[in-house]
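Notes follow once the structure below has been shown.
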Amino acid sequence: MSIDNELLSRIEFIEFKQKVLLLKHPAHKATIFAELNLYEFLSIRDYVKNFEYYLENGYNFDFKSFESGLYDLIPKLKTYPESSILISKILMNISNFNKLFDSNN
7 MSIDNELLSR
17 IEFIEFKQKV
27 LLLKHPAHKA
37 TIFAELNLYE
47 FLSIRDYVKN
57 FEYYLENGYN
67 FDFKSFESGL
77 YDLIPKLKTY
87 PESSILISKI
97 LMNISNFNKL
107 FDSNN
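When we follow the working numbering, the leftmost residue of the sequence shown carries the number 7, and every step to the right adds one.
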C-alpha cells in the first residue's frame with residue numbers, strides 16, 4: 007500500500023465513522039463502529055464494492071444476502087441493530103442501495 011493509498015484509506019475510514027455518527031438511530035450506541043479498525047473497515051468497503059459490481063452487472067440479490075455476507079465477514083456487526091442497513095447506506099451509491107431494497111418487495 008503506497009503512502010497515498012494508505013492516507014486515502016484512512017480518510018475514508020474517518021469519513022465512514024463520521025457518517026455513522028450522523029446517520030445512526032439516536033437511541034442506539036455506535037460502540038461497535040468505534041471499535042472497528044482500519045483493516046475491518048477496508049474489508050467491509052471491499053465487500054460492498056464487490057457486491058455493487060454484481061448488482062451493476064445484472065445479478066439479483068436480496069438484502070438478506072448482503073447482510074449475511076457482511077456478518078460472515080465481521081461477525082461482531084450482528085450486535086448493532088441495523089448495522090448492515092447503515093453500512094449499505096453509507097458505502098453504496100444510491101441506485102445500488104435502492105436495487106438492494108427493491109428486491110425485497
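Built from N, CA and C at the ideal position, the CB exists for glycine as well. Computed from a predicted structure; not experimentally measured.
Limits of the unbroken alpha helix (DSSP H) element including residue i
i, result
"E41", "Where E41 is concerned, there is no enclosing alpha helix (DSSP H), given that its DSSP letter is neither H nor E."
"I96", "S89 to L97"
Residue i: CB within 7 Å of a non-hydrogen atom of the ligand ZN
i, result
"N11", "As presented, the structure is devoid of all ligands, the ligand ZN included, so that no description of it is given."
Separation of residue j from residue i, as counted between CA atoms
i, j, result
"P82", "L13", "In the sequence as presented, Pro is not what sits at residue 82; that position holds Lys. Computed Cα separation, rounded: 26 Å."
"E62", "K30", "27 Å"
"N111", "P87", "Caution is warranted here: a pLDDT of 43 is assigned to N111, below 50, making its placement in the model unreliable, and the coordinate value is therefore given only provisionally. Each residue's Cα considered, the two are about 21 Å apart."
"V26", "L97", "11 Å"
"I93", "D10", "24 Å"
"I80", "S101", "25 Å"
"A33", "G64", "37 Å"
Residue from the options with nearest C-alpha to residue i
i, options, result
"P69", "E18, Y59, N104 and A33", "It is Phe, not Pro, that sits at residue 69 in the sequence shown. Nearest of E18, Y59, N104 and A33 to F69, Cα basis: N104."
"S90", "A33, Y53, Y45 and N11", "Y53"
"S49", "N99, D78 and Y60", "D78"
"L42", "P32, N56 and T85", "T85"
"F107", "L76, F67, G75 and S74", "F67"
Where residue i sits in the DSSP three-state scheme
i, result
"N111", "Residue confidence is low: N111 scores 43 on pLDDT, short of 50, so the model does not pin down where it sits. Its coordinate-derived value is still stated next. Coil at N111, not helix or strand."
"N66", "coil"
"K35", "coil"
"K30", "coil"
"Y86", "coil"
"I20", "helix"
"I80", "coil"
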